[in-house]
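In the working numbering, the protein residues as written are 123 to 181.
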């Protein structure tokens, strides 16, 4: 579930960055930074859960 969310967020970030290529407004930069931040947090949670499951011998 978390991996799917990360992939969807990556596609949204790529699409939005292409859409707002020439826009230099602060709002578009804030939206991009927020989306990238959410994506990085999601990757961190995914990595943490994977390590936790591996240490418990689940995965």
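No residue lacks a Cβ here, since even glycine has one placed at the ideal position from N, Cα and C.
Small disclaimer: the values here were computed from a predicted structure and weren't measured.
Residue i to residue j, Cα distance in whole Å?
i	j	result
residue 151	residue 138	10 Å
residue 179	residue 127	25 Å
residue 166	residue 131	14 Å
residue 163	residue 143	24 Å
residue 146	residue 154	12 Å
As a quick exercise: from the options, pick the residue whose alpha carbon is nearest that of residue i.
i	options	result
residue 135	125, 156, 148 and 149	156
residue 129	169, 173 and 161	161
What does a CB cutoff of less than 7 Å around residue i pick up in its chain, not counting 5 residues either side in sequence?
i	result
residue 90	Residue 90 falls outside the range modelled here, since the chain spans only 123 to 181, and no answer is possible.
Which residues mark the beginning and the end of the alpha helix (DSSP H) in which residue i is found?
i	result
residue 169	148–178
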